[in-house]
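Asks: One structure is given below, represented as structure tokens, and several questions about it will come after.
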Ligand SMILES: NC(=O)c1ccc[n+]([C@@H]2O[C@H](COP(=O)([O-])OP(=O)(O)OC[C@H]3O[C@@H](n4cnc5c(N)ncnc54)[C@H](OP(=O)(O)O)[C@@H]3O)[C@@H](O)[C@H]2O)c1
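Residue numbers (the numbering used here): 779 to 1027.
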């Protein structure tokens, strides 16, 4: 894996991040990018072997990662995440809610299970994690939450009604939470990418030419941009589209 990240002068030394879905794809790139800029990272997903691969890549940047297996559609597992951050690192400054699944079909063919499975992770899992991590993020004094939504969190596409609904739910929670925790100096962002070159897209759209997709490292760079700035300006939401897509489309 050939990954090059921007190095930010106001880096993340001394900071601790939780990255969910860190076993592959966008989450892996975000975890490596944060570590490359000095953060210690708790790597969360259900598959330990993939988390260990990410941890090795984190180590290659000179950074530190700890694997934590959890099914984030399960409330009890979500509770273990801040506990693990406290146990291993003693603090928490950044929460990146990246874990997500895409179940695609025409709306008429979608099942109750498709709906429940999508919402259980994409919306409810992020809700649980935000709720459980808030006390530690408050203690940080300058916390960040970055929710990886999607272009489908602000638009609708054929065959993506259920996925899109779950990402719209995530967006609603993000907006409300940002106001609730402003007083605690916690900044809450949403990233809304178009198609990214990951396993999720390879499985859902095997017809797509992967060379025209956004690279996971480019999403990681956007996250780094958000969490390495603490000035008078805030960017609430970043829309990231494929360069060949319609500008402002
Ligand atoms: N790829 C795109 O085009 C694209 C575009 C816009 C937004 N996004 C969003 O970006 C995020 C990452 O997508 P990706 O493309 O990188 O997907 P991916 O390659 O399928 O990776 C998803 C990650 O989430 C983890 N995960 C899945 N279910 C989980 C669960 N129940 N509990 C804990 N972890 C779980 C997976 O590991 P395990 O299965 O081992 O748990 C994996 O590490 C998602 O929220 C997705 O909606 C993706």
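We put the CB at the ideal spot given by N, CA and C, even for glycine.
Taking 6 Å as the cut-off, does the CB of residue 962 come closer than this to any heavy atom belonging to ligand 1?
Replies: As a position in the chain shown, residue 962 is number 184, starting the count at 1. Checking every heavy atom of ligand 1 against the Cβ of residue 962, none is found closer than 6 Å.
Asks: When the distance is taken between beta carbons, is residue 944 closer than 7 Å to residue 891?
Replies: Here residue 891 is taken as the residue at index 113 of the chain shown, counted from 1. Here residue 944 is taken as the residue at index 166 of the chain shown, counted from 1. No, these two residues do not count as a Cβ contact at 7 Å.
Asks: Can you tell me the Cα-Cα spacing of residue 1018 and residue 855, whole angstroms?
Replies: Translated into the one-based positions of the chain shown, residue 1018 becomes position 240. Translated into the one-based positions of the chain shown, residue 855 becomes position 77. Roughly 31 Å separates the two Cα atoms.
Asks: Smallest Cα separation from residue 1009: which of 959, 852, 964 and 867?
Replies: For the purposes of this step, residue 1009 is taken as residue 231 along the chain shown, with counting starting at 1. Comparing Cα-Cα distances from residue 1009 to each of 959, 852, 964 and 867, the minimum goes to 964.
Asks: Return the CA-CA distance between residue 1021 and residue 992, expressed in angstroms with no decimal places.
Replies: As a working note, residue 1021 is residue 243 in the chain shown. As a working note, residue 992 is residue 214 in the chain shown. Approximately 8 Å between the Cα atoms of the pair.
Asks: Alpha helix (DSSP H) containing residue 833: first to last residue?
Replies: Here residue 833 refers to the residue found at position 55 of the chain shown. 826-838 is the span of the alpha helix (DSSP H), which, as asked, contains residue 833.
Asks: What residue does the beta strand (DSSP E) around residue 1010 start on, and which one ends it?
Replies: Residue 1010 sits at position 232 when you count from the first residue of the chain shown. Looking at the DSSP string, residue 1010 is not in any beta strand (DSSP E), and its letter there is neither H nor E.
Asks: Counting C-beta neighbours from all protein chains within 10 Å, is the total for residue 860 16 or more, i.e. buried, or is it exposed?
Replies: For the purposes of this step, residue 860 is taken as residue 82 along the chain shown, with counting starting at 1. By the 10 Å Cβ count, residue 860 comes out buried.
Asks: Quick one: what's residue 967 bridged to in DSSP?
Replies: Counted from its first residue, the chain shown places residue 967 at position 189. In the DSSP output, where bridge partners are listed per residue, residue 967 has 924.
Asks: Determine the DSSP secondary structure at residue 933, reduced to helix, strand or coil.
Replies: Within the chain shown, numbered from 1, the residue matching residue 933 stands at position 155. Residue 933 falls in the coil class under three-state DSSP.
Asks: When you compare only the Cα positions, how much space is there between residue 798 and residue 807?
Replies: As a first step, residue 798 must be located in the chain shown, where it is residue number 20. As a first step, residue 807 must be located in the chain shown, where it is residue number 29. Taking the straight line from one Cα to the other gives about 11 Å.
Asks: Considering only residues of the stretch 838-868, which uninterrupted alpha helix (DSSP H) runs meet the minimum length of 4 residues and lie entirely inside it, listed in chain order?
Replies: DSSP runs (the alpha helix (DSSP H)) wholly in the stretch 838-868: 853-867.
Asks: Does residue 1025 pass the burial test, meaning 16 or more other C-beta atoms within 10 Å, or should it be called exposed?
Replies: Taking the first residue of the chain shown as 1, we reach residue 1025 at position 247. Exposed, by the Cβ-count rule.
Asks: Apply the 10 Å Cβ neighbour rule to residue 954 and answer buried if 16 or more other Cβ atoms are within range, or exposed otherwise.
Replies: On the chain shown, position 176 is the one that residue 954 refers to. Residue 954 should be labelled exposed.
Asks: Might you give, ordered along the chain, the residues of its own chain that have their beta carbon closer than 6 Å to the beta carbon of residue 779, omitting 5 neighbours on each side?
Replies: One-based indexing of the chain shown puts residue 779 at position 1. Model confidence at residue 779 stands at a pLDDT of 45, short of 50, so the residue's coordinates are unreliable; what they give is reported in the following sentence. Excluding sequence neighbours, residue 779 sits near nothing in its chain.
Asks: For residue 912 and residue 790, I'd like the C-alpha separation in whole angstroms.
Replies: Against the chain shown, residue 912 aligns to sequence position 134. Against the chain shown, residue 790 aligns to sequence position 12. Their backbone Cα atoms lie some 19 Å apart in a straight line.
Asks: Closer than 8 Å by C-beta to residue 825: which residues in its own chain qualify, once you throw out the five before and the five after it? Chain order, please.
Replies: Against the chain shown, residue 825 aligns to sequence position 47. Within the same chain, residue 825 has close Cβ partners 801 and 847.
Asks: Leaving out five residues on either side along the sequence, give the residues of the same chain with a beta carbon under 6 Å from the beta carbon of residue 795.
Replies: As a first step, residue 795 must be located in the chain shown, where it is residue number 17. So the list reads 812, 817, 819 and 872, once near-sequence residues are dropped.
Asks: Is any heavy atom in ligand 1 found nearer than 6 Å to the beta carbon of residue 928?
Replies: Taking the chain shown and counting its residues from 1, the one referred to as residue 928 is at position 150. Answer for residue 928: yes, Cβ within range of ligand 1.
Asks: Whose CA, out of 977, 987, 997 and 967, lies closest to the CA of residue 1011?
Replies: On the chain shown, position 233 is the one that residue 1011 refers to. Here the closest residue by C-alpha is 967.
Asks: Counting only the same chain and skipping the five closest in sequence on each side, list residues whose C-beta sits under 8 Å from that of residue 936.
Replies: By one-based count along the chain shown, residue 936 stands at place 158. If we look at residue 936 and ignore the five residues flanking it on each side, its Cβ neighbours are 884.
Asks: Consult DSSP for residue 1001 and reduce its assignment to one of helix, strand or coil.
Replies: What you label residue 1001 is simply residue 223 of the chain shown in a count that begins at 1. In this structure, residue 1001 counts as helix in the three-state DSSP scheme.
Asks: Identify whether residue 798 lies in helix, strand or coil by the three-state DSSP scheme.
Replies: Here residue 798 refers to the residue found at position 20 when the chain shown is read from its first residue. Correct three-state label for residue 798: strand.
Asks: Taking the alpha carbon of residue 792 as the reference point, which residue from 1023, 838, 869 and 986 has its own alpha carbon closest?
Replies: Working through the chain shown from its first residue, we reach residue 792 at position 14. Residue 869 is the option with its Cα nearest to residue 792.
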